[in-house]
Amino acid sequence: MGRKPLTLVLMTSDDTAPPVPTRTLDTLSELTPEQTDAVLALLAEAARTDSQQAVSEQGRLQLTGGPRVGVRHLLLTVQGQLVGYAQLEDTDPVEAPAAELVVHPAHRGRGHGRALGSALLAESGKRLRVWAHGGHSAARHLAQVLGLTLFRELRQMRRPLTDFHLPEPKLPEGVTVRTFVPGADDAAWLTVNAEAFAHHPEQGSLTGRDLDDRKAQPWFDPSGFFLAFRGDELIGFHWTKVHAEEGLGEVYVLGVRPGAQGGGLGKALTTIGLRHLAAQALPTAMLYVDADNTAAVAVYERLGFVTYEADLMYRTES
Numbered sequence: 005m006g007r008k009p010l011t012l013v014l015m016t017s018d019d020t021a022p023p024v025p026t027r028t029l030d031t032l033s034e035l036t037p038e039q040t041d042a043v044l045a046l047l048a049e050a051a052r053t054d055s056q057q058a059v060s061e062q063g064r065l066q067l068t069g070g071p072r073v074g075v076r077h078l079l080l081t082v083q084g085q086l087v088g089y090a091q092l093e094d095t096d097p098v099e100a101p102a103a104e105l106v107v108h109p110a111h112r113g114r115g116h117g118r119a120l121g122s123a124l125l126a127e128s129g130k131r132l133r134v135w136a137h138g139g140h141s142a143a144r145h146l147a148q149v150l151g152l153t154l155f156r157e158l159r160q161m162r163r164p165l166t167d168f169h170l171p172e173p174k175l176p177e178g179v180t181v182r183t184f185v186p187g188a189d190d191a192a193w194l195t196v197n198a199e200a201f202a203h204h205p206e207q208g209s210l211t212g213r214d215l216d217d218r219k220a221q222p223w224f225d226p227s228g229f230f231l232a233f234r235g236d237e238l239i240g241f242h243w244t245k246v247h248a249e250e251g252l253g254e255v256y257v258l259g260v261r262p263g264a265q266g267g268g269l270g271k272a273l274t275t276i277g278l279r280h281l282a283a284q285a286l287p288t289a290m291l292y293v294d295a296d297n298t299a300a301v302a303v304y305e306r307l308g309f310v311t312y313e314a315d316l317m318y319r320t321e322s
């Protein structure tokens with residue numbers, strides 16, 4: 005189970021409105037501090053209205069720290085005011101570029117979503133992947149207008165942690181578990197993460213810079229980052245995350261090295277992480293899983309998880 009990949013959130017209610025004459029759109033490889041602050045303010049306002057983030061964690065991290073290879077920022081302004089933002093990432097050697105998009109709640113229904121979507125299509129050479137968080141009708145409409153088709157569903161599943169009772173985890177013979185040591189375990193974790201998620205480009209392609217970005221976040225806590233070893237070899241991990249304001253504990257990233265799968269290690273690591281989150285008096289646990297990963301969905305359902313909401317991914321046909 006990997007992290008939620010880079011996504012495109014489309015929040016506009018009427019993309020058939022006539023163009024706004026004063027609308028301008030700039031494409032940049034790097035944002036100034038002032039531009040970053042303006043984007044973050046826009047995202048915060050959208051989150052208050054939509055009750056969900058419009059840009060993924062990876063996308064928000066890519067707003068700062070200088071230019072990123074393959075990442076472009078699209079700023080839509082009206083009379084000098086930022087009213088829309090999109091991010092395009094073209095780093096996958098196989099898949100189409102992926103993007104995120106948001107329009108300020110006070111400026112929706114004026115064609116800005118369609119303008120940003122059309123710009124993303126042009127920037128990507130009409131090869132684009134798009135996420136619609138929650139499958140909102142406005143997002144579905146804009147995807148249709150842009151000529152995108154549905155091809156993937158990502159589920160957010162949740163379960164209560166109150167009165168949480170799971171048996172002691174049963175580790176495979178010869179396997180031990182300890183917590184992550186920043187600096188000392190970085191290289192080994194990056195290697196195993198890449199192997200475990202070779203089929204999942206967004207997660208499997210994480211770099212040392214990406215890991216450092218996450219380690220620098222206020223939520224990072226190595227005591228909730230569990231590593232499984234057979235001897236000195238790292239063979240699996242469960243990285244948990246706490247969303248303090250929402251009262252949520254997350255199965256952030258759970259991976260087992262190829263060759264170490266099928267022996268119950270994944271279930272044991274899941275249990276260890278959930279017991280850790282429950283011990284912090286968090287009321288709810290969450291995770292993301294692809295709907296077509298039926299084996300993983302079945303495991304999580306047996307652990308008491310149910311689907312909370314679904315994100316739909318759209319893409320161009322080419």
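In the numbering used here, each residue carries its 1-based index in the sequence shown increased by 4. We put the beta carbon where it would ideally sit given N, CA and C, even for glycine.
I believe R261 touches A200 by the beta-carbon criterion, under 8 Å. Please report the beta-carbon distance rounded to the nearest angstrom.
Start at 1 with the first residue of the sequence shown, and residue 261 comes out as number 257. Start at 1 with the first residue of the sequence shown, and residue 200 comes out as number 196. Their Cβ separation, rounded to whole angstroms, is 6 Å, which keeps R261 and A200 in contact under 8 Å.
From A90 to G267, what does the alpha carbon distance come to, in whole angstroms?
What you label residue 90 is simply residue 86 of the sequence shown in a count that begins at 1. What you label residue 267 is simply residue 263 of the sequence shown in a count that begins at 1. Whole-angstrom Cα-Cα distance: 43 Å.
To the nearest angstrom, how far is the alpha carbon of D315 from that of A299?
Counting from one through the sequence shown, the residue named residue 315 turns up at place 311. Counting from one through the sequence shown, the residue named residue 299 turns up at place 295. Cα to Cα, D315 sits roughly 19 Å from A299.
Please state whether the Cβ-Cβ distance between L258 and T288 is less than 9 Å.
Translated into the one-based positions of the sequence shown, residue 258 becomes position 254. Translated into the one-based positions of the sequence shown, residue 288 becomes position 284. The answer is no: Cβ separation not under 9 Å.
Looking only at C-alpha atoms, which of S128, A198 and A143 sits nearest to W135?
The count along the sequence shown starts at 1 and reaches residue 135 at position 131. Looking at the Cα atoms, A143 is the closest of the given residues.
Measuring CB atoms only, is the region 38-48 touching the region 75-91, in the sense that at least three cross pairs come out at less than 8 Å?
Cβ pair count under 8 Å is three or more, so yes.
State the Cα-Cα distance for the pair L269 and L215, rounded to the nearest angstrom.
For the purposes of this step, residue 269 is taken as the residue at position 265 of the sequence shown. For the purposes of this step, residue 215 is taken as the residue at position 211 of the sequence shown. Cα to Cα, L269 sits roughly 23 Å from L215.
Would you give the residue range spanned by the beta strand (DSSP E) that T275 belongs to?
Locating residue 275 in the sequence shown gives position 271, counting from the first residue. Note, T275: premise wrong, no beta strand (DSSP E); alpha helix (DSSP H) at L269 to A282.
Assign L47 to one of two classes, buried (16 or more other C-beta atoms within 10 Å of its C-beta) or exposed (fewer than that).
Taking the first residue of the sequence shown as position 1, residue 47 is located at position 43. By the neighbour-count rule (16 or more Cβ atoms within 10 Å), L47 is buried.
Pair every Cβ in the region 98-117 with every Cβ in the region 59-71, then say whether three or more of these pairs are closer than 8 Å.
Output reads yes: the region 59-71 touches the region 98-117.
Rounding to the nearest angstrom, what Cα-Cα distance links R114 and H108 in this structure?
Position 110 of the sequence shown, counted from the first residue, corresponds to residue 114. Position 104 of the sequence shown, counted from the first residue, corresponds to residue 108. Each residue's Cα considered, the two are about 11 Å apart.
Among the candidates L35, Q83, Q85 and A295, whose CA atom is the shortest distance from the CA of R72?
On the sequence shown, position 68 is the one that residue 72 refers to. With distances taken between Cα atoms, R72 lies closest to L35.
To the nearest whole angstrom, what separates the beta carbons of P173 and I276, a pair I think is in contact under 8 Å?
Residue 173 sits at position 169 when you count from the first residue of the sequence shown. Residue 276 sits at position 272 when you count from the first residue of the sequence shown. With 8 Å as the limit, P173 and I276 qualify as a contact, their Cβ atoms being about 5 Å apart.
How do the region 277-296 and the region 191-199 stand: do at least 3 beta-carbon pairs fall below 8 Å, yes or no?
As far as the Cβ criterion goes, the region 277-296 does not touch the region 191-199, which means the pair count is below three.
Compare the beta carbon distance of H280 and T320 with 9 Å and say whether it is the shorter of the two.
To locate residue 280, count along the sequence shown from 1; it is residue 276. To locate residue 320, count along the sequence shown from 1; it is residue 316. Result no, Cβ atoms of H280 and T320 do not sit closer than 9 Å.
What did DSSP end up calling H242 once you bin it into helix, strand or coil?
If you number the sequence shown from 1, residue 242 lands on position 238. Correct three-state label for H242: strand.
Between the beta-carbon of L78 and the beta-carbon of L124, is there less than 9 Å?
As a first step, residue 78 is located in the sequence shown; it is residue number 74 there, counting from the start. As a first step, residue 124 is located in the sequence shown; it is residue number 120 there, counting from the start. Yes; because the gap between Cβ atoms is below 9 Å, this pair is in contact.
Among Q56, R112 and A232, whose alpha-carbon lies nearest the alpha-carbon of H242?
On the sequence shown, residue 242 is found 238 positions in, with the first residue counted as 1. Among Q56, R112 and A232, the Cα nearest to that of H242 belongs to A232.
Run the CB neighbour count on T16, radius 10 Å, all protein chains shown included, and call it buried at 16 or more, exposed below.
As a position in the sequence shown, residue 16 is number 12, starting the count at 1. In this prediction, T16 has a pLDDT of 41, which is less than 50 and means its spatial position is unreliable; what the coordinates show is noted afterwards. With 16 or more other Cβ atoms within 10 Å, it is buried.
Between P97, Y312 and S55, which lies nearest to H204 when the distance is taken from Cα to Cα?
Along the sequence shown, one-based indexing puts residue 204 at 200. Minimum Cα distance to H204 is reached at P97.
Once the 5 residues before and after A155 are set aside, which same chain residues still bring their CB inside 8 Å of it?
Locating residue 155 in the sequence shown gives position 151, counting from the first residue. Looking at the sequence provided, one finds Phe at residue 155 rather than Ala. The answer, listed in chain order, is M317, Y318 and R319.
Do L286 and V246 have their C-beta atoms closer together than 9 Å?
Within the sequence shown, residue 286 is the residue found at index 282, counting from 1. Within the sequence shown, residue 246 is the residue found at index 242, counting from 1. Yes, the Cβ-Cβ distance between L286 and V246 is below 9 Å.
For T36, which three-state DSSP category applies?
As a first step, residue 36 must be located in the sequence shown, where it is residue number 32. T36 falls in the coil class under three-state DSSP.
Pull up the CB-CB distance for R162 and V310, whole angstroms please, since I reckon it's below 8 Å.
Taking the first residue of the sequence shown as 1, we reach residue 162 at position 158. Taking the first residue of the sequence shown as 1, we reach residue 310 at position 306. At roughly 7 Å, the Cβ-Cβ gap stays under 8 Å, so R162 and V310 are in contact.
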